[in-house]
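First comes the structure, then the notes that go with it.
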Amino acid sequence: MELPPKKKRISHELTNSRPSSREAAPSSSNNGQAGGFVEGSILRITMRNFLTYDHSEVFPGPKLNMIVGANGTGKSSIVCAICLGLAGKTAVLGRGDKVGLYVKRGCSKGSVEIELYRASGNLTITREIQFETNQSTWMLNKKHASQKAVEEAVKELHIQVGNLCQFLPQEKVGEFAKMSKIELLEATEKSVGPPEMYKFHCELKSFRTKESELEKMCNEKANFLEKAKKSIERSKVDVERYYMKKRHLDRIQMLEKKKPWVEYETARKELEGVKKEREEMKKRLKSLKEAQEPLVRKIRSVESQLQPIEQQMKELTARIREALQKCKQKHDQLEYRNKEVDDIRQDLSLKQTEEADRQKRIGHTQLMIKDLQKELQNMGAMEDVTPQIEAVNTELRKIQEEKAKLESEMLDLRRDKDEATGELNRLRNRLRSLEDMMKVKEDKLRTRFRDTYTALMWLRSNRERFEGNVYEPMMLVINVRDARHAKYIESHIPLNDLRAFVFQRQEDMEKFMTEVRDTQRLRVNTVIAPAESCSSRPPSRPLESLRPYGFFSYLRELFDAPDEVMSYLCYQYKVNDVPVGTEKTKNMIEMVIRELQMRMIYTAEEKYTVKKSNYSSNVVSSNSALRPSQFLTTTIDADEKRQLEEQLRAAERQVQIIDQRMAAIREQQAKLDRRDNDLRANKKKLSDMKGKKRQLEQKISTKQDSLRQMEQNEINLEAIEEETNAKIAAVNNKKVAVMAEYLSHMQTKARLSMEKVYLALQSAGLSAEKTKLETDCRDSSAELKQAEVAYTKLDQVKNELLARCKTLMRRASDICNMMPGETAVPEELHAAFSQLPDTLDEIDAMLNEEKTRAECFTGLSDAVVEEYNKREKEIQNLKKDLDDKTNVLTTYRQNMAEAKERWLNPLKQLVEQINERFSDFFRSMQCAGEVDLHSENEEEYEKYGIRIRVKFRSSTQLHELTPHHQSGGERSVSTMLYLMALQELNRCPFRVVDEINQGMDPVNERRVFDIVLRSACGVNTSQYFFITPKLLQNLMYAEQMTILCVHNGPYMLPPNKWSEKAFISRAKLMSRT
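The opening residue of the sequence shown carries number 3 in the working numbering; numbering runs sequentially from there.
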């Protein structure tokens, strides 16, 4: 490749100082260029209080710009300035997420100004960044503008700082290889494709989505239409059956309308016949009544004679009943007197029985007295047992006193036990609540670190296998005194140590790791505590000296932990010497870092790490925001827990002592109860011996008293018998008077009965005469009665038929919807009625037949026809809708075909051009590489992508570029060569690549540099920024290159003392020597 004619090499040096004056490239050109700059190229970058710079200007060249400088001097700061100055997002840089973080430390604001070449006049974009508010102020050509206006202006110049194919910062180099084929295609389209190519691609994806939706919609509507047609075909049979059923129902309705008229006509004719028969029967009945009148008069005469006789018989019957009632009363009085005599005799019998019983008891008592006297004589003289009983009573009193003392002591012990048990339960509940808080910690451990939790469970089950102390993971045994301070501990102690087990002995740790790591295959961490305890190691300076700076504690004082754990943390992480401050500390942080010179400090929300340079002894600090605590927020007061455990053990010992004393008292009480029972049995025996003689004497005295009492209660039977006879005589006298009255009433009853008999004979004669007359009258009136019955029946039938006719007429009128007063069949029903039978039997037969046929059509209703008509209408609408959607789909497919033609052919040509250059670059490196357009389905435009395949060794096949298959250097080479393949095709004004050569070996780095040089310094290429901290020796250079050496630091010369000529002269002089 031929290089363009040589021009004067220009070098600029960048320092952390005010810039030297220099004119920018011209603002007008011929053929869209001026001095080699293309539309949108960067002419100038000015930074004020930005990252590492106080104030500096960069004047890049139109072709390849090599930005070289040591690490930390500010090369990537220029990249950040380009991105942020051209309205790029902080996410593109992969560094801080807030724009305020790009302001130099200690400054309240910073700015970036970028001048872009434009044929119509250069464009100057200024961005001023506020540190506190993270807000930006924008200016276009020194005039205030909105961010959107800046973005539009940048877009018009085809600048895409968010496209990795154009702008590849240091933090995003690794992400280029992670880009999917689809993402790479989109980035390439935006970077080197025509402006409309990506637009056509997006339209095709949108068309494809719309086409899929329309196609799916058409298929769904076609399927639904087909199902609707099948469904309506099934419904058609039901509709035909519905109409057949309706015809039968109409005929049934007409039959039911005619039937009342036929019934009415039949009933009317029957009523006329009954009326005629009734009139004839009425005339006959009248003639029969006139013939029977004489016999009726004679019967009435006999009945008038019988009435007085029957009245007299009723009066006699009442008097007879009254006499009979009086006889009954006297008879009852006689019965009562007889019972009174029986009661008197029974009283006499009871007295006689009582006297016999008294004599018997007297004899029995006399025998018992003799037996008791004999037993009393046999007892003789007996020893006096009273002293023995007194001795037993004395011992019983002593036992009762001892039992009372024991019972009192038992009550005191029970009261003490209740109090101790209550205290024990309170301590257990409090300890359980602390253990529940520990359970929360264990749940977090189990959720986040399953293997560590499994190992913890094994340790708790096998703790006896270890000789020294073994502590559970630190996050469980560390107890932060205040949950607000947990974030400091978690930020200071790495997560791997927080979940680590702490061992006192090395052999215990090896035994543990052999089991859980080698046998159980668990991933756990372990540490060993220092042999010499560091837990009490004092800080390097007292806390009181730090309080003026806002520090309130060292990390060690913020939490509790076992001695070995605390010793390890003090030894490993110096928790005894890391102070924690407040907002006051943050506000005076520069003074704190300068005066205290502590390696690590904490403020309210940040962690500061301070380092001293090994070369200049300058202090360098970095800070990071504290993350919220995840594991140590649950705090447990270790001192309280320890005190609770000690109090719990003391309470358990107290309860145990009380239980032992109570058991001893119960045993003593049992012994006293047994002794008490023995003494009481002995006392009872002695008392029985002492009281037996006295009991016999008392029994004899009692029986003698009872005997005297019975002898005094003697009954005089002779006097009682005389009194009884006198009472019986008095009662018999009363009986004689009652009997006389009874006989008088019986005679009156007999006389009245005779008078009644005479009247009965007279009544019988008259009754016989009446019966004879009635028999004669009955014979003559049998025919009359038959006639009356017939007439009554005919009259009843006539009334029933008349009511029935009226009912039938009303029913017929209601069924036919006739007006009130109409009695003739409506004219509109005559024709229909004429086609139907005229008799009820025929109508009933036809009605039953039609109903039977109608019942055969089950499961049908008006809804069937309505649904059928509704579905027919829906099918018509679906057909129309489907035709419309099909036409729209056809139109979309035609548009897609046109858009695909406009997009795919230029894209294939573009990919072919990229592949040609990419393959040439790889062949020049004795390797192989290909770029092709990849798609699994030609119609799935959202899945099109660019596939990069590379081969760095002749013995291997081409492999797709992925984040895992190639090495880091191979990925860097592939990325660099792909970007160079885009260089000549690029429509963007510049490209930025930051430190992509870091992972390359020297051979590949040299080859890539040569390719970059040839490609970036060509005639039709755009501006190129290549940032690197180092370069190989003896590289090939070109006059079109611009080398920007970044010199930044406290020991650099100020710009007014810097002499480029003197530097070159000194370099030449050194090279000669």
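The beta carbon of each residue, even a glycine, is placed where N, CA and C say it ideally should be.
Using the C-alpha atoms, what's the distance from Thr126 back to Asn1080? For residue 1080 there is no data in the structure shown, the boundaries of the chain being 3 and 1075.
Nearest-angstrom Cα distance between Ile371 and Gln706? 7 angstroms
Check whether the Cβ of Glu188 sits closer than 7 angstroms to any heavy atom of the ligand GDP, and report yes or no. The model on display carries no ligand, and the ligand GDP is accordingly not part of it.
Under the assumption that Lys737 contacts Arg339 (Cβ atoms under 8 angstroms), give the Cβ distance between them as a whole number of angstroms. 5 angstroms
Alpha carbon to alpha carbon, how far is Glu941 from Leu884? Give it in angstroms, no decimals. Glu941 has its alpha-carbon roughly 23 angstroms from the corresponding atom of Leu884.
Around the Cβ of Phe1065, are there at least 16 other Cβ atoms within 10 angstroms (buried) or fewer (exposed)? exposed
Pull up the distance between the alpha-carbon of Arg270 and that of Glu852, whole angstroms please. Distance from the CA atom of Arg270 to the CA atom of Glu852, rounded to whole angstroms, is 28 angstroms.
When burial is assigned at 16 or more other CB atoms within 10 Å of the CB, is Glu1007 buried or exposed? buried
Given a cut-off of 8 angstroms, decide if Asn589 and Tyr556 are closer than it, judged by their beta-carbon atoms. no
Residue(s) in a DSSP beta bridge with Pro581: Tyr556
Mind listing, in chain order, the continuous beta strand (DSSP E) runs of no fewer than 3 residues lying wholly within the stretch 739-772? none
On the three-state DSSP scale, how would you describe Ile80? helix
Counting along the chain, where does the alpha helix (DSSP H) carrying Phe1065 start and finish? First-last of the alpha helix (DSSP H) with Phe1065: Glu1062 to Arg1074.
Are at least three pairs of beta-carbons, each pair with one atom in the stretch 778-789 and one in the stretch 348-360, less than 8 angstroms apart? no
Apart from the five residues on each side of it in sequence, which residues of its chain come closer than 7 angstroms, Cβ to Cβ, to Ser921? Gly931 and Glu932
With a threshold of 16 other CB atoms inside 10 Å of the CB of Leu170, please say whether the residue is buried or exposed. buried
Taking one C-beta from the stretch 627-635 and one from the stretch 478-491 each time, how about it: are there three or more such pairs within less than 8 angstroms? yes
Buried versus exposed, by CB contacts within 10 Å (16 or more), Thr516: exposed
Measure the CB-CB distance between Phe503 and Tyr473 and report whether it falls below 8 angstroms. yes
Can you name, in chain order, every residue of its own chain whose Cβ lies under 8 angstroms from the Cβ of Asn1036, other than the five neighbours on each side? none
Can you tell me whether Leu408 is helix, strand or coil according to DSSP? Leu408 falls in the helix class under three-state DSSP.
Would the stretch 1013-1020 count as touching the stretch 55-66 if we require 3 or more Cβ pairs under 8 angstroms? yes
For the pair the stretch 402-420 and the stretch 667-687, tell me if three or more CB-CB distances fall below 8 angstroms. Short answer: they touch.
Could you check whether the stretch 585-600 touches the stretch 411-418, counting it as contact only if at least three pairs of C-beta atoms, one from each stretch, sit closer than 8 angstroms? no
Residue from Ala770, Tyr1026 and Tyr266 whose Cα sits closest to the Cα of Ser815: Tyr266
Measure the alpha-carbon distance for Asp373 versus Leu719 and round it to whole angstroms. 32 angstroms
Report yes if the C-beta distance between Leu478 and Met440 is below 8 angstroms; otherwise report no. yes
Within 10 angstroms of its Cβ, does Arg253 collect 16 or more other Cβ (buried), or is it exposed? buried
Could you compute how far the alpha carbon of Ile647 sits from the alpha carbon of Arg432? The sequence as given places Glu at residue 647; Ile does not occur at that position. Using only the alpha carbons, I get a separation of about 10 angstroms.
Exposure of His366, with buried meaning 16 or more beta-carbon neighbours within 10 Å: The residue is exposed, with fewer than 16 neighbouring Cβ atoms inside 10 Å.
Range covered by the alpha helix (DSSP H) that runs through Leu960: According to the DSSP assignment, Leu960 belongs to no alpha helix (DSSP H), since it is labelled neither H nor E.
Less than 8 angstroms between the C-beta atoms of Cys990 and Ser1024, yes or no? yes
Ordered list of beta strand (DSSP E) runs contained in the stretch 300-348, each at least 3 residues: none
Going along the chain, which residues of its own chain have a beta-carbon closer than 7 angstroms to the beta-carbon of Ala83, five neighbours each way excluded? Ile47, Met49, Phe52 and Val114
Check whether the stretch 780-794 and the stretch 284-294 touch, using three or more Cβ-Cβ pairs below 8 angstroms as the test. yes
Give me the Cβ distance between Ala457 and Val526, rounded to the nearest whole Å; I'm assuming they're in contact under 8 angstroms. 5 angstroms
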